[in-house]
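Undergrad: Just so we're aligned, residue 9 is where the sequence shown starts under the working numbering, counting upward by one.
Starting off with a structure, shown below.
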Amino acid sequence: MASLHVLEHPLIQHKLSLMRNKNTGSKEFRELLEEIAMLMAYEVTRDFPLKEIEVETPICVMKTKVLAGRKVGVVPILRAGLGMVDGILNLIPAARVGHVGLYRDPETLEPVEYYCKLPNDVQERELIVIDPMLATGGSASAAITFLKQRGCSHIKLVCLIAAPEGVARVRKAHPDVDIFVAAMDECLNDHGYIVPGLGDAGDRLFGTK
Ligand code: PRP
Ligand code: URA
């Protein structure tokens with residue numbers, strides 16, 4: 009069984025508190041999400057393998073280490089996952105980006121796919137699936153299923169805020185996928201929103217409400 013990682017770094021917690029505040033506007037919300045995504049990427053890549061190489065410094069030749077593992081793919085779940093892409097690319101600039109478009113049907117709360125465009129060699133990549141909100145877990149679970157149906161097997165899920173229901177659903181459907189979150193919240197309300205959460209991440213990012 010893969011692990012659930014709650015990233016409690018003080019900078020992440022501080023920035024997340026600012027994002028939760030309903031008076032924080034879209035510009036600051038976007039900047040904070042990008043910054044947190046970058047900080048989370050630092051932890052998410054902690055187990056990436058290294059290999060030894062030889063480098064000549066201005067002083068002498070030395071043995072040192074560089075990344076040796078699979079190439080990386082970043083897969084935002086549209087729309088709100090887009091807000092985390094640049095933060096991750098700041099740390100992993102060579103990563104390719106694949107997009108999976110899903111929205112939650114407001115009645116059933118089940119995800120509906122409307123877009124999918126992935127790198128050609130997606131199966132060979134270490135994939136980081138990103139979405140700020142893990143509520144019922146329907147969207148993340150479906151996105152991971154799509155990736156597995158296309159042959160992907162090395163997948164991590166990175167979310168800002170999770171509800172226990174969402175974590176349980178993803179873990180049940182995808183026990184092989186490590187989940188990284190900045191906060192575990194209390195529960196879902198009757199509309200499937202995370203409590204206390206931060207509201208609708210997509211609307212707050214893009215100013216659509
Ligand atoms: C939000 C969020 C997740 C999903 C989480 O997206 O960004 O994708 O809800 O809910 P779930 O865990 O219950 O599936 P939404 O469907 O509102 O679409 P948007 O990103 O386009 O706003
Ligand atoms: N999607 C959001 O944007 N926020 C929630 O709290 C739940 C789903």
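We put the beta carbon where it would ideally sit given N, CA and C, even for glycine.
All figures in this text were calculated on a predicted structure; none of them were measured in a lab.
Say whether the stretch 43-55 touches the stretch 159-176, bearing in mind that this needs 3 or more beta-carbon pairs closer than 8 Å, one atom from each stretch.
TA: Short answer: they touch.
Undergrad: Sorted by chain position, which residues of the same chain lie with C-beta nearer than 8 Å to E60's C-beta, five sequence neighbours on each side aside?
TA: Correct list, in chain order: K71, T72, K73.
Undergrad: Assuming V119 is part of the beta strand (DSSP E), what are its boundary residues?
TA: Here the sequence assigns Pro to residue 119, which means Val is not the residue at that position. 119-125 is the extent of the beta strand (DSSP E) around P119.
Undergrad: Using 8 Å as the Cβ pair cut-off and three pairs as the minimum, do the stretch 91-101 and the stretch 121-135 touch?
TA: Short answer: they don't touch.
Undergrad: Find out if the Cβ-Cβ distance for the pair T144, G174 is shorter than 8 Å.
TA: The answer is yes: Cβ separation under 8 Å.
Undergrad: Candidates D186, R28, A76, R177: which alpha carbon is nearest I138's?
TA: Comparing Cα-Cα distances from I138 to each of D186, R28, A76, R177, the minimum goes to D186.
Undergrad: With a 10 Å radius around its C-beta and 16 neighbouring C-beta atoms as the bar for buried, classify H22 as buried or exposed.
TA: Result: exposed.
Undergrad: Using a Cβ-Cβ cut-off of 8 Å (strictly less than) and excluding sequence neighbours within five positions of A176, which residues of its own chain qualify?
TA: Only G145 meet the Cβ criterion.
Undergrad: Just to confirm the assignment, what range does the alpha helix (DSSP H) spanning L97 have?
TA: Here the alpha helix (DSSP H) through L97 covers 90-99.
Undergrad: Within the present structure, is the beta-carbon of D198 separated from the nearest heavy atom of ligand 1 by less than 7 Å?
TA: Every heavy atom of ligand 1 is 7 Å or more from the Cβ of D198, so no.
Undergrad: Could you please give the first and the last residue of the uninterrupted alpha helix (DSSP H) stretch that includes R133?
TA: Here R133 belongs to no alpha helix (DSSP H), and DSSP marks it neither H nor E.
Undergrad: Here's a check: name, in chain order, each residue in its chain whose Cβ is nearer than 6 Å to the Cβ of P57, leaving out the five neighbours to either side.
TA: Closer than 6 Å at the Cβ level, and outside the excluded window around P57, lie A76, G77.
Undergrad: Which residues, in chain order, sit with a beta-carbon under 7 Å away from any heavy atom of ligand 1?
TA: Cβ-based neighbours of ligand 1 within the cut-off: I85, L86, R87, A88, G89, L110, Y111, R112, L117, P119, D139, P140, M141, L142, A143, T144, G145, G146, S147, A148, G174, G200, D208, A209, G210, D211.
Undergrad: According to the neighbour-count rule (16 or more other Cβ atoms, all chains shown, within 10 Å of its Cβ), is C160 buried or exposed?
TA: When all chains shown are included, C160 counts as buried.
Undergrad: So, is G215 buried or exposed, given that buried needs 16 or more other C-beta atoms within 10 angstroms?
TA: Its Cβ having fewer than 16 others within 10 Å, G215 is exposed.
Undergrad: Mark M141 as exposed unless 16 or more other C-beta atoms lie within 10 angstroms of its C-beta, in which case mark it buried.
TA: Buried, because 16 or more other Cβ atoms sit within 10 Å of the Cβ of M141.
Undergrad: Counting pairs of beta carbons, one from the stretch 103-112 and one from the stretch 62-70, are three or more of them closer than 8 Å?
TA: No: the two stretches stay apart, fewer than three of their Cβ pairs being nearer than 8 Å.
Undergrad: Looking only at DSSP bridge pairs, what is A143 linked to?
TA: DSSP, once it has assigned bridges, lists no residue as partnering A143.
Undergrad: Would you call E194 buried or exposed, if buried means 16 or more other Cβ atoms sit within 10 Å of its Cβ?
TA: So E194 counts as exposed.
Undergrad: Inspect the CB distances between the stretch 198-208 and the stretch 10-22 and report whether three or more fall short of 8 Å.
TA: At 8 Å Cβ cutoff, the stretches do not touch.
Undergrad: Looking only at DSSP bridge pairs, what is Y111 linked to?
TA: V120.
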